[in-house]
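Mapped onto my numbering, the consecutive letters of the sequence shown carry residue numbers 1 to 337. Even for Gly, the Cβ is constructed at its ideal location relative to N, Cα and C.
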Amino acid sequence: MRLRYLVAALVVLVALAALACNGDGSGPTATPTAVEEAVAAPSPAVEAFSFDCAAPAEAVRPDASGFPAEVTDSVGNTVTLEAPPERIASLSAGHTEILYAIGAGEQMAAVDNTSDCPQAVNDLPKVDAFSPSVEAIAGLDPDLVIIFFDPGDLQSSLQDLGVPVLNLSAPESVQGVYQQMVLLGMATGHVDEAEEVAARMEEVVGDIRTQLQDVTDGPSVFHEVDNTYYSAGPGSFVSDLYSILRAENIAEATGEAYPQMSAEAIIEADPEVIILADEFAGESPDTVRARPGWNSISAVQNDRIYVIDPDIISRPGPRLVEALRTLAVYLYPDRFP
């Protein structure tokens, strides 16, 4: 059920992005420049980045020198923050992870009920991001609310109550994830930390790019978001991961960010690799093999059906590098043992 809600939300996000006056989620014009500078020349001495959900969340005192801060979200809404927020409510699991990764953990007041990383979030009040209550959220007395889609008039209703809201829709690329990270750094008083995390993530990505720079004909892939054959196509950060890996994403042919493909189209495309991000819905290599007609697909014939944790692949946050590493092993086992 959680996956079905996720797919529905992502479809809404795509529609919102098409209407937004700043639809790539990049925020203010200073944000892309800042992140490009941060990731332009990562030091080889920096340890490989990872974000461990089980590790204690390290908090850093926010830097108030950049305030008042003005930030613009994915729908063109500009928020002015007079001081670093002290009670942040995040209704987006991916952005929750970003906030903790950049040291804003002690500023968190609430998270949505799908946020489960890091473990510190288990001690916070939970709110429903898909059917949010304005009254319940306002009752938490937040001084900043982060949402990843608006199911109605949540943003305007909270702002009418004097609560600043940033609507950060799903970024279209991995670069967009870095940009949102720096934007949240600006909004919370953690610019330096956000730029550092983005740079360390980019170092991992850059290392994988280097190892694949001679690949000219990567494997074709079908990425399954749920068992009704929703996938991730052009304009999604998930598809960008496959681009980084020089793979041929069969969903690219749809021209949609989160298309629902047919079994017939998938069979005809004959992917060499199938990635299942819907294990929680009961899908597995065995269930794929049992699907009518799928035994003709190369990935099925060659036992190249793999399962990936939907949390690391669907959340635009610090664990995307873990998703990229996992996909690299699946797609190129000879290069990434």
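### Task
Return the CA-CA distance between D150 and A299, expressed in angstroms with no decimal places.
Taking the first residue of the sequence shown as position 1, residue 150 is located at position 150. Taking the first residue of the sequence shown as position 1, residue 299 is located at position 299. Going from the Cα of D150 to the Cα of A299 covers about 38 angstroms.
### Query
DSSP on N295, reduced to helix/strand/coil?
On the sequence shown, residue 295 is found 295 positions in, with the first residue counted as 1. Of the three classes helix, strand and coil, the one that applies to N295 here is helix, per DSSP.
### Query
Which of the three DSSP states, helix, strand or coil, is assigned to P42?
Reading the sequence shown from its first residue, position 42 is the one you call residue 42. Confidence at P42 is low in this model, with a pLDDT of 36, below 50, so its placement is unreliable and the value that follows should be read with caution. Three-state DSSP puts P42 in coil, outside helix and strand.
### Message
Comparing C-alpha positions only, which one of Q119, A83, L331 sits nearest to H190?
### Response
As a working note, residue 190 is residue 190 in the sequence shown. Nearest C-alpha to H190: A83.
### Query
Helix, strand or coil: how does DSSP classify A69 here?
In the sequence shown, counting from the first residue as 1, residue 69 sits at position 69. For A69, the secondary structure class from DSSP, reduced to helix, strand or coil, is strand.
#### Entry: C-alpha gap between D80 and P142, whole angstroms
Within the sequence shown, the letter at position 80 stands for residue 80. Within the sequence shown, the letter at position 142 stands for residue 142. A small correction: the amino acid at residue 80 is Thr; Asp does not occupy that position in the sequence shown. Straight through space, the alpha carbons of P142 and T80 are spaced by roughly 15 angstroms.
### Task
Use the C-beta contact count for G152: other C-beta atoms within 10 angstroms, 16 or more gives buried, fewer gives exposed.
In the sequence shown, counting from the first residue as 1, residue 152 sits at position 152. Exposed.
### Through-space distance from A136 to Y178, alpha-carbon basis
In the sequence shown, counting from the first residue as 1, residue 178 sits at position 178. In the sequence shown, counting from the first residue as 1, residue 136 sits at position 136. Their Cα atoms are separated by approximately 31 angstroms.
### Query
Mapping DSSP to helix, strand and coil, what is D226?
Position 226 of the sequence shown, counting from 1, holds the residue named residue 226. For D226, the secondary structure class from DSSP, reduced to helix, strand or coil, is coil.
### Query
Can you tell me whether A64 is buried or exposed, with buried defined as 16 or more other CB within 10 angstroms of its CB?
Residue 64 sits at position 64 when you count from the first residue of the sequence shown. The residue in question, A64, is exposed, as its Cβ has fewer than 16 Cβ neighbours within 10 Å.
### Task
Evaluate G56 with the Cβ neighbour count: other Cβ atoms within 10 Å of its Cβ, from every protein chain shown; 16 or more gives buried, anything less gives exposed.
Start at 1 with the first residue of the sequence shown, and residue 56 comes out as number 56. In the sequence on display, residue 56 carries Pro and not Gly. When all chains shown are included, P56 counts as exposed.
### Task
Have a look at the DSSP bridge pairing and note the partners of E248.
Translated into the one-based positions of the sequence shown, residue 248 becomes position 248. In the DSSP assignment, E248 is bridged to S220.
### Query
If we ignore side chains and look at the alpha-carbon of each, how far apart do A199 and P318 end up?
Counting from one through the sequence shown, the residue named residue 199 turns up at place 199. Counting from one through the sequence shown, the residue named residue 318 turns up at place 318. In a straight line, the C-alpha of A199 is about 11 angstroms away from that of P318.
### Task
Could you tell me whether the stretch 161-181 touches the stretch 224-238, using the rule of 3 or more Cβ pairs below 8 angstroms?
Taking 8 angstroms as the limit for Cβ pairs, the verdict is that the stretch 224-238 does touch the stretch 161-181.
### Query
P62: buried (16+ other C-beta within 10 angstroms of its C-beta) or exposed?
As a position in the sequence shown, residue 62 is number 62, starting the count at 1. With 16 or more other Cβ atoms within 10 Å, it is buried.
### Rounded C-alpha distance that separates C117 from P259
As a first step, residue 117 is located in the sequence shown; it is residue number 117 there, counting from the start. As a first step, residue 259 is located in the sequence shown; it is residue number 259 there, counting from the start. One alpha carbon belongs to C117, the other to P259, and they sit about 28 angstroms apart.
### Message
Suppose you measure from the CA of W340 to the CA of A323; what does that come to, to the nearest Å?
### Response
The chain is shown only over 1 to 337; residue 340 falls outside these bounds and no answer can be derived.
### Task
Would you mind sorting L13 into buried or exposed? The rule is 16 or more other CB atoms within 10 Å of its CB.
What you label residue 13 is simply residue 13 of the sequence shown in a count that begins at 1. Unreliable placement is indicated for L13, whose pLDDT of 42 sits below 50; the coordinate value is still reported in the next sentence. Under the 10 Å beta carbon count, L13 is surrounded by 16 or more other beta carbons and is classified as buried.
### Message
Between the stretch 192-207 and the stretch 219-230, can you find at least three pairs of beta-carbon atoms closer than 8 angstroms?
### Response
Contact between the stretch 219-230 and the stretch 192-207 is not established, with fewer than three Cβ pairs separated by less than 8 angstroms.
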